[in-house]
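For reference, the structure is listed below as structure tokens.
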Amino acid sequence: MELFKLTVRESEAVTPVMYDVGFGSSSRLYERADAGLGMTPAQYRRGGRGVSITYVTLETALGPLLLGATDRGLCYLQFDGTPEQLRREYPQAEIQARGPEWPPELLAWRDALDGYLRSGAPIGALPLDVAGTAFQSRVWRYLLRIPSGEVQSYQQVARGIGQPTAARAVARACATNRVALVIPCHRVIRGTGELGGYRWGLDRKQALLDKERNASL
């Protein structure tokens, strides 16, 4: 799947690449697509073309949070995010602001995020529609298993995914996370106990950990 993703955007069609990288049929490719791409292989090749993304800015206890979602789940969740940044991430997608009516799913996601940012209450398993390399996906799936309020070092995460020498690559995977909070990269710190980096600010990282720990008392 990783080789497919690296190759398919340079091709005029999906099928030749599918066979070249080793998939024996389109059914096998599309079985893997949900876990490896989020969107379909053809949509990914076209930079999100054919995908409809709705966005809204939420005012939260830790500042404005831009939420972007497809009909399959959250694809973008960033503090201080802007529609322009969302469009750069998905240059070929159809991107539009939320209309006057909130779909029930979006209301539920908003309420879950608001409760978490106010009190550290668990977000729950929100549906995601994100794409990453095979390595990034392994890191992100591992982060989802770190309990709320607990932390691990980059080295511990690297060992946890079976690549003990990949601590720096783990840090890069955390930095490229496009779905703040839901994929909890704020729970990864340096081996010294220092917070390390956080693309949305160390004050927010500390505040998130404090809220989670207080909620678990």
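Mapping of the sequence shown onto our numbering: position 99 corresponds to residue 84, and the numbering continues sequentially without gaps.
Note that CB positions come from ideal geometry on N, CA and C, so glycine has one too.
Sub-7 Å separation of residue i and residue j beta-carbons
i           : j           : result
residue 43  : residue 164 : no
residue 175 : residue 134 : no
residue 64  : residue 53  : no
residue 151 : residue 184 : no
residue 79  : residue 37  : yes
residue 81  : residue 39  : yes
residue 51  : residue 35  : no
residue 172 : residue 131 : yes
residue 167 : residue 111 : yes
Outcome for residue i when other beta-carbon atoms lying within 10 angstroms are tallied against a minimum of 16
i           : result
residue 20  : Caution applies to residue 20, whose pLDDT of 46 falls short of 50 and renders its modelled position unreliable; the model cannot decide the point.
residue 189 : buried
residue 55  : buried
residue 117 : buried
residue 157 : exposed
residue 195 : exposed
residue 22  : Its pLDDT being 47, under 50, residue 22 is placed unreliably by the model, and the measurement read from it follows with that caveat. So residue 22 ends up on the buried side.
Cross-strand partners of residue i (DSSP beta bridge)
i           : result
residue 161 : Paired residue(s): none; residue 161 is not in a bridge.
residue 54  : 39, 59
residue 113 : 59
residue 64  : 50
residue 173 : 137
Three-state secondary structure assigned by DSSP to residue i
i           : result
residue 44  : strand
residue 133 : coil
residue 167 : coil
residue 185 : coil
residue 104 : helix
residue 141 : helix
residue 81  : strand
Taking contact to mean 3 or more Cβ pairs, one atom from each stretch, closer than 8 Å, check whether the segment 95 to 106 and the segment 137 to 146 are in contact.
no
Check whether the segment 123 to 136 and the segment 68 to 86 are in contact - that is, three or more C-beta pairs closer than 8 Å.
no
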